[in-house]
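Sequential numbering from 280 applies to the sequence shown in the working numbering.
From the three backbone atoms N, C-alpha and C, an ideal C-beta is built for every residue, glycine too.
Nothing here was measured: the structure is a model prediction, and the numbers come from that model.
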Amino acid sequence: MTVVGSGVIGTSWAGLFLARGLEVTVNDPVPDAEERVRVGLEEILPTLEGLGLPTAGLTDRLRFEAELAAAVADADVVQENGPERLDLKQQIWTTIEQSAPDHCLLATSTSGIPATDIAQAMRHPERLVVGHPFNPPHLLPLVEVVPGERTSAETVQRARDFYTAMGKKPQVLRKEVPGFVANRLQAALFRECVHLVVEGVVTESELDEIVTSSIGLRWAVGGPFRTFHLGGGSGGLPQFLQHLGPALEGLWQRLGSASLDARTVELLVRQAQEAFGDRSVDALAAERDRAQIAVLKALGESPTAGA
Ligand code: NAD
280 MTVVGSGVIG TSWAGLFLAR GLEVTVNDPV PDAEERVRVG LEEILPTLEG
330 LGLPTAGLTD RLRFEAELAA AVADADVVQE NGPERLDLKQ QIWTTIEQSA
380 PDHCLLATST SGIPATDIAQ AMRHPERLVV GHPFNPPHLL PLVEVVPGER
430 TSAETVQRAR DFYTAMGKKP QVLRKEVPGF VANRLQAALF RECVHLVVEG
480 VVTESELDEI VTSSIGLRWA VGGPFRTFHL GGGSGGLPQF LQHLGPALEG
530 LWQRLGSASL DARTVELLVR QAQEAFGDRS VDALAAERDR AQIAVLKALG
580 ESPTAGA
């Protein structure tokens, strides 16, 4: 398979695909791509091992090809992770379509550009689908599979099967919406987070404590709807909506708004420095990933669960 674009997301995908036993060709026009990817793979090795994935000889099946047409010529699957720019993605995909075999599955990691727009210049737009991972793809299970207006049902099914075989949890969206689902939810909640910090209700670290000791735990296990279904007593969601719905609706009217103007950014950065600044981001991320692996295993969601 071929990974096009080897930045943060491309390197992470490459690590997962290699650990899953695939032969991976990486394409990226920057001259130091190979060096960067090899360093990046070294960095994610502990996480892949923590997940129980085989990592011996991981890079034996890795090769680099700077020319896009050659990189995809023998691919069964292409996962594209180039810069988030419509013109560039259109150009990349026109080349891929012309050069990849007819049977090749074509997926883009885009965080928000609809497949409909990316595929505009393609002769066979039915072949392209969004496979949007939640960062980092080698660790978080979700892949949002988002068909464009002309993506075929067969392409969607093949994408779903492929990501499942890679140990992911693909979720097919029924409509193309800006930001897809997971990032919309993050954006909605984070707007209120920023509002509460700006208003001085809580600090950033206090807010993080509130989330990780309440909603975060509940949602990791059940998601918002199941949580409320179980939160309304034996009558489930109907009872919950009847009893607490009016209060919830009232609160919706009173939620805050937020902007990332200079003063807000200054406040957020200062509080982050106070809360997390005594340790490096790399150290915090490694600690977070170890905890994330433990949670995935406890939930039976790790790639090797049940194996
Ligand atoms: P990035 O900037 O880290 O990586 C982009 C890579 O594309 C770079 O290595 C760059 O050299 C390469 N590139 C530039 N021109 C290219 C070309 N013509 N052909 C091939 N490669 C080219 O960006 P990223 O964060 O890895 O994001 C990549 C894609 O993944 C974007 O579409 C983004 O929206 C999506 N995505 C990002 C995240 C995230 O949290 N970072 C999460 C999910 C999806």
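Ligand 1 heavy atoms versus the CB of His-411: any closer than 7 angstroms?
yes
Spatial neighbours of Phe-413 within its chain, please: CB distance less than 7 angstroms, with the 5 preceding and 5 following residues excluded, ordered by chain position.
Leu-419, Leu-421, Ala-461
Are Ala-554 and Glu-478 touching if we call contact CB-CB under 8 angstroms?
no
How long is the line joining the alpha carbons of Glu-359 and Ser-390, rounded to whole angstroms?
12 angstroms
Does the pairing of the stretch 321-340 with the stretch 358-378 give three or more beta-carbon distances under 8 angstroms?
no
Does Thr-387 come out as helix, strand or coil in the three-state DSSP assignment?
strand
Can you tell me which of Ile-392, Arg-315, Phe-296 puts its alpha carbon nearest to the alpha carbon of Val-287?
Arg-315
Go ahead and label Ser-378 buried or exposed: buried means 16 or more other beta carbons lie within 10 angstroms of its beta carbon, across all protein chains shown.
buried
For a quick check, are the C-beta atoms of Gly-410 and Val-283 less than 8 angstroms apart?
no
Look at the alpha carbon of Glu-428 and the alpha carbon of Arg-549, and state the distance between them as a whole number of angstroms.
44 angstroms
Reducing DSSP to helix, strand and coil, say where Phe-343 ends up.
strand
So if DSSP puts Pro-426 in a beta bridge, which residue, or which two residues, is it bridged to?
Val-408
Thr-326 classed as buried or exposed, judged by whether at least 16 other C-beta atoms fall within 10 angstroms:
buried
If contacts are defined as beta-carbon pairs under 8 angstroms, then Leu-563 and His-417 qualify, I think. What distance do you get, rounded to the angstrom?
Between His-417 and Leu-563 the Cβ distance is about 18 angstroms, and since that is not below 8 angstroms, they are no contact.
Distance check for Cys-383 and Ala-348, CA to CA, integer angstroms please.
13 angstroms
Are the CB atoms of Ala-354 and Thr-281 within a distance shorter than 8 angstroms?
yes
Straight-line gap, Gly-331 to Val-500 (C-alpha atoms, nearest Å):
22 angstroms
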